[in-house]
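Trainee:
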Amino acid sequence: MSLNLTIVNSSTPSGMSDFQVISAIIALCALVLGIANAYFHWKDKQPNIKLDAYEFVDSAHSLTSDPERVITIRGYNSGQIPITISSYSFFIPSKKIGHSIGKPYSTRVLPGAYCERWEYSDKIAKVLQPRSGTIKIIACLIDESGRWYKSDPFEFDIDQALKGTKGKKIWTREELGMKTPMGRLDKIKETVRRWHRRKYDPPDLWKLWK
């Protein structure tokens, strides 16, 4: 008696060859990549501003010889279309209440460009009264279409803002991480300034022009 055995290849579905399976996988991958590419292309075309807010003691914004506590709102247009900002505000995250501070802020921010607005801390603290102590607030820029661009929540000491700046350190923009793009001449001045303040080999100024 003879025994006939039929070997079935279980690695591929019935009726499909290895080539067909590979082709189906490639087609599926191409579909996923196409959808992802379309999504990122659509996202790049949407208005988008990355917003940061800092509170620090500064003398450049003071109307007198004394330094002032200020909050700076700095937005970067990371999209591909210009955005027209019409106003700015601050609000408390838990309350969802907006506190409009200062005058309407109108500016046009091109792709890859920055915009900046600042406000006195004591002025914001007076608006937030009768609250006291340290709270978290969010800074916001609003464009002409009503879209809001928000910063991350940051701590704001109402009592300290009302007391003023006596005995407080004056922070530089570099110490706060707020580095603004500089031209070649500004880079040379900054390098020379650091050279006078720190002990290191003289800078190669020629490299700065390349």
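Residue numbering for the sequence shown follows my numbering, starting at 495 and increasing by one per position.
Cβ coordinates follow ideal geometry from the N, Cα and C atoms, glycine included.
(1) Tyrosine 570 and lysine 544 look like a contact to me (Cβ under 8 Å); what is the Cβ gap, rounded to whole Å?
(2) Where does the unbroken alpha helix (DSSP H) through aspartate 653 begin, and where does it stop?
(3) Distance check for isoleucine 632 and proline 587, CA to CA, integer angstroms please.
(4) Can you list, in chain order, the residues of its chain whose CB lies under 8 Å from that of glycine 661, leaving out five sequence neighbours each side?
(5) Under 9 Å between the Cβ atoms of aspartate 646 and glycine 627?
(6) How is alanine 607 classed by DSSP in three states: helix, strand or coil?
(7) Is there contact between the segment 563-580 and the segment 605-622, where contact requires at least three CB pairs shorter than 8 Å?
(8) If I follow the unbroken beta strand (DSSP E) through serine 580, where does it start and stop?
(9) Among the candidates Ala521, Ile519, Ala607, whose CA atom is the shortest distance from the CA of isoleucine 577?
(10) Could you tell me how far apart the beta carbons of serine 581 and proline 598 are, in whole angstroms, since I believe they sit closer than 8 Å?
(11) Does DSSP classify aspartate 646 as helix, strand or coil?
(12) Candidates Ala532, Gln574, Ala530, Arg602: which alpha carbon is nearest proline 541's?
(13) Return helix, strand or coil for tryptophan 665, following the three-state DSSP convention.
(14) Measure the alpha-carbon distance for alanine 518 versus serine 572 and round it to whole angstroms.
(15) What is the DSSP secondary structure of asparagine 542, reduced to helix, strand or coil?
(16) Determine which residues share a DSSP beta bridge with cysteine 523 and list them.
(17) DSSP beta-bridge partners for valine 551?
(18) Would you give the residue range spanned by the alpha helix (DSSP H) that serine 626 belongs to?
(19) Out of Tyr548, Val515, Ala530, Leu656, point me to the one whose CA is closest to proline 624's CA.
(20) Leaving out five residues on either side along the sequence, give the residues of the same chain with a beta carbon under 8 Å from the beta carbon of isoleucine 636.
(21) May I have the straight-line CA-CA distance separating threonine 601 from lysine 620, to the nearest angstrom?
Mentor: So, to answer that:
(1) 5 Å
(2) 652-657
(3) It is roughly 7 Å from the alpha-carbon of proline 587 to the alpha-carbon of isoleucine 632.
(4) In this prediction, glycine 661 has a pLDDT of 45, which is less than 50 and means its spatial position is unreliable; nothing more can be read from the coordinates.
(5) no
(6) coil
(7) yes
(8) 577-586
(9) Ala607
(10) 5 Å
(11) coil
(12) Gln574
(13) Reliability of the predicted coordinates at tryptophan 665 is poor, the pLDDT of 49 falling under 50, and the value obtained from them is presented with this limitation in mind. Looking at tryptophan 665 - three-state DSSP - the assignment turns out to be coil, as it is neither helix nor strand.
(14) 37 Å
(15) coil
(16) In DSSP, cysteine 523 forms no bridge with anything.
(17) Arg563
(18) Careful: serine 626 lies outside any alpha helix (DSSP H) and carries neither H nor E.
(19) Checking every option, the nearest Cα to that of proline 624 belongs to Leu656.
(20) Ile579, Ser580, Ser581, Tyr582, Ser583, Trp642, Tyr643
(21) 27 Å
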